[in-house]
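Line by line, the protein sequences are chains S and B.
Sequence positions in the first sequence follow this note's numbering and run 1185 to 1307.
Sequence positions in the second sequence follow this note's numbering and run 223 to 361.
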Amino acid sequence: MIDRIGDSLRFQAQALELRSQRQSLIASNIANADTPGYRAVDADFASALKRVTSADPASKSATQPMLQANEIRTLAPAEESADGNGVDMDVQRANFAENAVRYEAALRALNQQVKSLITVITG
Amino acid sequence: MSLKTVFDIAASAASAQNLRLNAVASNLANADSAAGPDGQVYRAKQVVFQAIPVSPASGGNPAAQGVKVAQVTEDSSPGRRVYDPRHPLADDQGYVTLASVNVVDEMVNMLSASRSYQNAIEVMNTAKQLELKALTLGT
Chain S
1185 MIDRIGDSLR FQAQALELRS QRQSLIASNI ANADTPGYRA VDADFASALK RVTSADPASK
1245 SATQPMLQAN EIRTLAPAEE SADGNGVDMD VQRANFAENA VRYEAALRAL NQQVKSLITV
1305 ITG
Chain B
223 MSLKTVFDIA ASAASAQNLR LNAVASNLAN ADSAAGPDGQ VYRAKQVVFQ AIPVSPASGG
283 NPAAQGVKVA QVTEDSSPGR RVYDPRHPLA DDQGYVTLAS VNVVDEMVNM LSASRSYQNA
343 IEVMNTAKQL ELKALTLGT
């Protein structure tokens, strides 16, 4: 029974963890906006979530969702600055804000599920 | 929670930009310095950034990289020569050698560093808000 309660929350929890990892990738792009030769990276969120949710719940990758190397792609720069830096700050800031909103969306969905469970328990 | 790495990354960016601002301040302060008794002029300092992976030991993603100042380079161009025979440091021909600082370059550098610093702080703020909201889960 406890397992089933955990299962119902797992999807949003995994999405939340992957979102926070993508957030750190975008933060790294923003931090390196002035680093010579740096190329922006981003996560392929959809395939990462698909892999994590289809994994066996007992396996480690399901309990600790980590972005794999093949799910991280290097973004081709729209234009390159003189020092070879390929970070487009507007795109990165938009991505950062978008990812933050989606993180919060996953958080709210998770919160709602928890609240429903609490209502069921307390009656 | 890997939102903690966001803080690490943004903090590394803020401190690197801080160092860059320091270099700019030093360059601007010495923009009119004349050559000292040893004949050496002040040379403009520039910082060189480098991406470094943050906390791979703590399970962070290696693709998430912070930034550090790899080295501080000095401008190699000769100082500005200005004709001012009354200057105490003027040479035999009446020329004074002033620091090799381009004030316009430095001002642009300062604006860029200041904007990047603001970006880093904003990233930190967003991560903080998300983290605080995560803490209220279940209430």
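We put the CB at the ideal spot given by N, CA and C, even for glycine.
{"Asked": "Name, please, each residue of chain B whose Cβ falls closer than 7 Å to the Cβ of I1256(S).", "Found": "A285"}
{"Asked": "Between N324(B) and V294(B), what straight-line distance do the alpha-carbon atoms span, to the nearest angstrom?", "Found": "17 Å"}
{"Asked": "Classify D1240(S) as helix, strand or coil using the three-state DSSP reduction.", "Found": "coil"}
{"Asked": "Less than 8 Å between the C-beta atoms of R1257(S) and V1225(S), yes or no?", "Found": "yes"}
{"Asked": "Give the interface partners of V1298(S) over in chain B, defined as CB-CB distance under 7 Å, in chain order.", "Found": "L359, G360"}
{"Asked": "In three-state DSSP terms, what is Y1287(S)?", "Found": "helix"}
{"Asked": "Which residues, in chain order, does the region 1203-1218 of chain S contribute to contact with chain B at a C-beta distance below 7 Å?", "Found": "S1204, Q1205, Q1207, S1208, L1209, A1211, S1212, I1214, A1215, N1216, A1217, D1218"}
{"Asked": "For T295(B), which residues does DSSP report across the bridge?", "Found": "Q268(B)"}
{"Asked": "Give me the subset of the region 1262-1289 of chain S whose CB atoms are less than 8 Å from a CB atom of chain B, sorted by chain position.", "Found": "M1273, R1277, F1280, A1281, A1284, Y1287, E1288"}
{"Asked": "With the cut-off set at 8 Å, would you say A235(B) and G288(B) are in Cβ contact?", "Found": "yes"}
{"Asked": "Could you name the residues of chain B that L1294(S) contacts, counting a contact when the two beta carbons are closer than 7 Å?", "Found": "L359"}
{"Asked": "What residues are listed by DSSP as bridge partners for R303(B)?", "Found": "T319(B)"}
{"Asked": "In this structure, does DSSP put T227(B) in helix, strand or coil?", "Found": "helix"}
{"Asked": "Which residues of chain S have a Cβ atom closer than 8 Å to the Cβ of K355(B), listed in chain order?", "Found": "E1288, L1291"}
{"Asked": "Applying the 10 Å Cβ sphere with the 16-neighbour rule, what's the burial state of R1292(S)?", "Found": "exposed"}
{"Asked": "In three-state DSSP terms, what is R1206(S)?", "Found": "helix"}
{"Asked": "Output, in chain order, the set of chain S residues within a Cβ distance shorter than 7 Å of L225(B).", "Found": "S1204, Q1207"}
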